[in-house]
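Under mature numbering (1 follows the signal peptide of the UniProt record, and there is no 0), the residues of the sequence shown are numbered -22 to -1, 1 to 250, in order. Just so you know, even glycine gets a beta-carbon here, dropped at the ideal spot from N, CA and C. In what follows, a structure is listed as structure tokens, so that the remarks can point back to it.
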Amino acid sequence: MTLNMNIISALIVIFLLNFANANNESLTVMYHEETIAAFEKANNELAHCRLYRVNHRDDPNKDKILAKLKPKAISIPEVNMQVILQTIIKCSSIHEERKESFTAQSKSELSLWLGVISGTKWCGFKDIATDYEDLGSYERVDRCCRGYHYCPIKISSNHKKYGIINSYGRKIAHCDCDKMFFNCLKNIIKTSKNKSLKYKTEVVGILKFNVIEQKCMKDENNMQDGNERCAEIIEGVEVIDEEYLQYDEEYLKCLNFNVKKKYFVSNGYQKF
């Protein structure tokens, strides 16, 4: 019965995404833990996207944000971790090539993780952006950093959540968010022809994954069956590809599978 309800929930999410394609004035809203995503689509592409974050899953501000979005939203489903991460990735790709003019490299890159790296507003322990749309001159790398700040599962320094006390002196996030951040940075290095941008991206990646060696969180998924297969399927699917999802019954069974999670701290993602 639970599995059937989860499949129905997944079908509802897909219906909402398809409906959003036909009605550009409607907003598609979804949330997972501490992150809310709201976006519009035009010609089967994301035309506008906005992410929201709260301090914890039961934060009263979460209800306030959802209530504000509700009048324009088709519906507001709760989705799983992989769906929200794919949405963050999609949001980060919008207009990523808008700026290609860069200033000279910082004289003191070692200070960037003490604050925020020059030319960005999101690449540091905290951000200095005035709002979600506020990006620095190194916009592409800033989008990667911004997406990481919107990780739905994270613990601030000296706080306890998910059964974990974070005593590491800095925020720790879910390892899937570290992987998303890692791949986002590597994609810039692979595709950009701008040497200044590539250098700045390498500095961010090396400091985050090699120098600081920040811890991350993993979860033990206690699914009733098919745990490894579901993880493999969800990992490899482009979630906002509605046409594909309509025919992938195996994916639908995994999408909102009844999962009980136990979190633990890992040594972090791979070297940059």
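| query | result |
| --- | --- |
| Please name the residue or residues paired with residue 102 in a DSSP beta bridge. | 94 |
| Of all the options 49, 71, 179, which has the alpha carbon lying nearest to the alpha carbon of residue 276? | Nothing about residue 276 can be reported from this structure: the residues present for the chain run from -22 to 250 only. |
| Can you name the start and end residues of the alpha helix (DSSP H) that residue 65 belongs to? | 59 to 70 |
| Less than 8 Å between the C-beta atoms of residue 182 and residue 94, yes or no? | no |
| Going by beta carbon distance, what residues of the same chain come within less than 6 Å of residue 16, once the five residues before and after it are set aside? | 5, 7, 28, 47 |
| If you compare alpha carbons, which of 244, 127, 125 is closest to residue 142? | 244 |
| How about residue 196 and residue 242: do their beta carbons lie closer than 8 Å? | yes |
| Can you tell me where the beta strand (DSSP E) holding residue 244 begins and where it ends? | 239 to 244 |
| Looking only at its chain, what residues have a beta carbon closer than 7 Å to the beta carbon of residue 249, apart from the 5 residues adjacent to it on each side? | 187, 188 |
| Identify whether residue 108 lies in helix, strand or coil by the three-state DSSP scheme. | coil |
| Buried or exposed: which applies to residue 106, given that a residue is buried once 16 or more other Cβ atoms fall within 10 Å of its Cβ? | exposed |
| What did DSSP end up calling residue 223 once you bin it into helix, strand or coil? | Model confidence at residue 223 stands at a pLDDT of 43, short of 50, so the residue's coordinates are unreliable and nothing is read from them. |
| With distances taken from CA atoms, which of 145, 130, 193 is nearest residue 40? | 130 |
| Which one of 11, 43, 52, 23 has the shortest CA to CA distance from residue 36? | 11 |
| Could you give the C-beta distance for residue 101 and residue 123, rounded to a whole number, given that I count them as a contact under 8 Å? | 4 Å |
| Rounded to the nearest angstrom, what separates residue 30 and residue 55 at their Cα positions? | 15 Å |
| Identify the continuous alpha helix (DSSP H) that holds residue 118 and give its terminal residues. | 117 to 127 |
| Sort out for me which residues DSSP pairs residue 274 with in a bridge. | Given that the chain is displayed from residue -22 to residue 250, the structure contains no residue 274 and the question cannot be resolved. |
| Residue 197 bridges to which residues according to DSSP? | 241 |
| Consult DSSP for residue 30 and reduce its assignment to one of helix, strand or coil. | strand |
| By DSSP, does residue 56 sit in helix, in strand, or in coil? | strand |
| Could you pull the start and end residues of the beta strand (DSSP E) that residue 150 belongs to? | 150 to 152 |
| Using 10 angstroms around the beta-carbon of residue 148, count the other beta-carbons present and answer buried if the total reaches 16, otherwise exposed. | exposed |
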